[in-house]
Amino acid sequence: MSPITPELKARFEKIVARYPKGQEQSAVIPLLHALQESGGGHLTTEHQQAVADFLGVPMSKVHEVTTFYTMFSLKPRGRHHISVCRTLPCALCGCGDVAKAVRERLGVGPGEVTADGMFSYEEVECLAQCHLGPVFQIGDTVYGDLTADKAKAVIDGLAKQGGR
Amino acid sequence: MEPTPKYLTRNFGNPAALTYDGYVAGGGYAALKKALGMAPQAVIDLVKAGNLRGRGGAGFPAGVKWGFLAKGDGPKYLCVNADEGEPGTVKDGPLMEQDPHQMLEGIAIACYALGIHQSYIYIRGEFHKAIRIVEAAVEEAYAKGVFGPSMSGSGFALDVAVHPGAGAYICGEETGLLSSLEGKKGMPKLKPPFPAVKGLYDRPTIVNNVETLACVPHILNLGAEAWNALGTEKNGGTKLYNVCGHVLRPGYHELRHDVTLRQLIYDVCGGMKPGRTLKAVVPGGSSSPILLPSEIDVRMDFDSLAKAGSMLGSAAVIVMDDRTSIVRALDNLLHFYSHESCGQCTPCREGTHWLYEISQRIVDGRGRPGDLDRMLDICTNMVGNTICVLADAAALPTQSYIQKFRGEFEDYIRAGERRGLLGGIEGKAVAHA
Ligand SMILES: Cc1cc2nc3c(=O)[nH]c(=O)nc-3n(C[C@H](O)[C@H](O)[C@H](O)COP(=O)(O)O)c2cc1C
Ligand code: SF4
Ligand code: FES
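Protein chains in written order, with my numbering: chain P, 1356 to 1519; chain Y, 143 to 575.
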């Protein structure tokens, strides 16, 4: 079954219409984002093939894009994917302590998912919120001025909430 | 310090300005109306006269770049660089989240002046909120007839669309951005040809930063002379600066272009945290060479910082206090550049990798005599030998950190001495997923 639901198809068509005729490949990134969001946080081979077929672009081109950009994941992620910033401005403000606290609280390392599937963890480069450092991003939300305790409290709060 | 009148940030903190009506109530879209009453070339000349320097990092005069756009029939494009990713930089995100119509007005004026009928706003993928806000503003601009078949009733057609990135610093480089917009890996391309001649879909293209375009309405409203008076010679207008690191009050501020680095740190941001002193400062994002405390009486404009041996870049100031290990600070940045190199040029791919390898062994206390000269040698081979300037962006800071803090590096190597903190980050840089 195609992962492209009728709703997604309508969304896809609107996205493709932004680009000139013959330049459908431009829609690869926005389409992959839409599929990754609706498809549970990672991209399968079927997802990539569906984008390739929809746009009439070779699968290899789609796969190249999937692997080049850090926001796309080929492996399942947790319901809450935590991206801790590791770059200099955050490092000056103590992101090492935050990263350590998060790893300890979750019991996972970079690229790993907790056993219950609730959280995944990653260390990323500058999130352009440096004046709030240390920061991490979970979904759409950026949390700033973190300390080890604040970071754990955020995770505890999400764990209590359960689902998405 | 003279207080700065607010232009770019005049709507910050006013949620009403997110809507078309709210923006218009504050005087918005008046500049577009004015532009539409002028000849396109007159608009370009005005921006030239306003000495608007590109806010994306290179400081290239926007009006001059616009003058390079190839003439002739067929599609041309304006691509807005909203990929904000230079470590330390926080300005384009706030500009989009707090006043999206200001950028859209700048886009509309630029497209009219340049005879461009299609613009893409390339927004960094992680900026979910900015993407949402700008998409909503674009939709409203269509509904109000600003965009569409007849821009504000002028008969000039303009289409504008948001395009998200997906996490790659190199897509901030203008030709990398265009590759990414074409649905490919974000690989930069050799210049010339410059995008103004052969850019998106091989068509003439202007790439401008968000802040550059946000300045445009104000030049029309104020006139070139008043706009120039806010800055220094050849650096017109106000500027958004972000200060981060070890100052008392980190944050972004719109200030006159003639503010000095000392004023920015001590007057605007409250100086160093209690009991600490300044050790070093990066004035223009991580790619700019480092400055010593004796070098901070410099004006924060493109030419003054170039004269001081550094660069204004993205005007992102990273402040380091006396407890900072410069060795580890450099190590952190070398991880960044080796991770972000797109890999297509050998001097960059291998150079950033070797620099980070050597740096890691120094940090681990396994540094060898000759390592610093080895690093400087690698830098020499990187600068000017690659397709884009990411290689230079890694090499120039490396040279400056080593040259200005050579003693600290040598101590570290000689004694394996782990002196100084980097705010708690462990000696071994955190691994990457
Ligand atoms: C490695 C690299 C990263 C860059 N990142 C950005 C960026 O995130 N945002 C930006 O506006 N310009 C960035 N630039 C500069 C762009 O290449 C280009 O100069 C700019 O978009 C031109 O716009 P302006 O003339 O309005 O400044 C980067 C350049 C390089 C070499
Ligand atoms: S200099 Fe580096 S980042 Fe730029 S094109 Fe070459 S390999 Fe890619
Ligand atoms: S360094 Fe962490 S947000 Fe910029």
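For glycine and all other residues, C-beta sits at the position ideal for the given N, C-alpha and C.
- Environment of ligand 2, chain-ordered: Y:I312, Y:P330, Y:S483, Y:C484, Y:G485, Y:Q486, Y:C487, Y:C490, Y:R491, Y:T528, Y:I529, Y:C530, Y:L532 and Y:A533, taking every residue with Cβ within less than 6 Å of a heavy atom.
- Residue environment analysis places R510 (chain Y) among the exposed positions, since fewer than 16 neighbouring C-beta atoms fall within 10 angstroms of its C-beta.
- Every alpha helix (DSSP H) stretch that sits fully inside the region 458 to 496 of chain Y and reaches 4 residues is listed by chain position as 468 to 482.
- Around the beta carbon of K333 (chain Y), a 10 Å sphere encloses fewer than 16 other beta carbons of the protein chains shown; the residue is thus reported as exposed.
- Burial check for Q1516 (chain P): the Cβ neighbour count within 10 Å stays below 16, so the residue is exposed.
- Residue pairing by DSSP places H259 (chain Y) opposite no residue, since no beta bridge is assigned to it.
- Straight through space, the alpha carbons of A181 (chain Y) and A356 (chain Y) are spaced by roughly 21 Å.
- Judged by beta-carbon spacing, M245 (chain Y) lies beyond the 7 Å limit of D409 (chain Y), meaning their Cβ atoms are not closer than that value.
- Excluding the 5 residues flanking it on each side, P217 (chain Y) has same chain C-beta neighbours closer than 8 Å at H259, Q260, Y343 and R345, in chain order.
- Relative to ligand 3, V1490 (chain P) has its C-beta within less than 6 Å of a heavy atom.
- For C1481 (chain P), DSSP assigns no beta-bridge partner whatsoever.
- Not one beta carbon of chain P lies nearer than 7 Å to the beta carbon of G417 (chain Y).
- Taking C-beta separations shorter than 6 Å and ignoring five residues to either side along the sequence, the partners of G373 (chain Y) in its chain run G379 and H399, following chain order.
- From the listed residues Y:S294, Y:G325, Y:G417 and Y:I438, the smallest Cα separation to I407 (chain Y) is found for Y:I438.
- Within chain P, the residues whose beta carbon sits less than 8 Å from that of Y343 (chain Y) are P1375 and Q1378, listed in sequence order.
- Going by beta carbons, L362 (chain Y) and A177 (chain Y) fall inside the 7 Å limit.
- The beta carbon of S446 (chain Y) sits closer than 6 Å to the beta carbons of V440 from its chain, once the five residues preceding and following it are set aside; these are given in chain order.
- Contact annotation: V401 (chain Y) and P392 (chain Y) have beta-carbon atoms that are not nearer than 7 Å.
- Here G227 (chain Y) is actually not in contact with Y264 (chain Y); their C-beta atoms are around 11 Å apart, not less than 8 Å.
- Here P1431 (chain P) is exposed. Its C-beta has fewer than 16 other C-beta atoms within 10 Å.
- Contact between E1480 (chain P) and H481 (chain Y) is confirmed by a C-beta separation of about 6 Å, below the 8 Å threshold.
- Distances taken from the Cβ of C411 (chain Y) to the heavy atoms of ligand 3 include none shorter than 6 Å.
- Straight through space, the alpha carbons of R556 (chain Y) and R266 (chain Y) are spaced by roughly 43 Å.
- Residues of chain P whose Cβ lies closer than 9 Å to the Cβ of I460 (chain Y) are, in chain order, L1443, P1444, L1447 and C1485.
- When CB distances to chain Y are screened at a threshold of 8 Å, the residues of the region 1383 to 1397 of chain P falling below it are V1383, I1384, P1385, L1387 and H1388, in chain order.
- Within 7 Å of the CB of F551 (chain Y), no CB atom of chain P is found; the nearest one sits about 17 Å away.
- If you compare the alpha carbons of Y:S292, Y:D241, Y:E282 and Y:P147 with that of K175 (chain Y), the shortest gap goes to Y:S292.
- The Cβ of C1440 (chain P) sits no closer than 7 Å to any Cβ of chain Y.
- DSSP places E396 (chain Y) within a strand segment (E or B) once states are collapsed to three.
- V304 (chain Y) has Y:I263 as its beta-bridge partners, per DSSP.
- In the three-state scheme derived from DSSP, where H, G and I count as helix and E and B as strand, S1438 (chain P) is classed as strand.
- The Cβ of T1421 (chain P) sits no closer than 7 Å to any Cβ of chain Y.
- Under a 10 Å Cβ-count criterion, F210 (chain Y) is classified as exposed, with fewer than 16 other Cβ atoms of the shown protein chains found around its own Cβ.
- Under a criterion of Cβ atoms nearer than 8 Å, the residues of chain P adjacent to R266 (chain Y) are, in order, A1483.
- Legend: CB atoms of the region 306 to 330 of chain Y lying less than 9 Å from CB atoms of chain P belong to residues P306, G307, A308, G309, A310, Y311, C313, S322, L323, E324, G325, K326, K327, G328 and M329.
- The region 1396 to 1406 of chain P and the region 1417 to 1429 of chain P touch, with no fewer than 3 CB-CB distances between them shorter than 8 Å.
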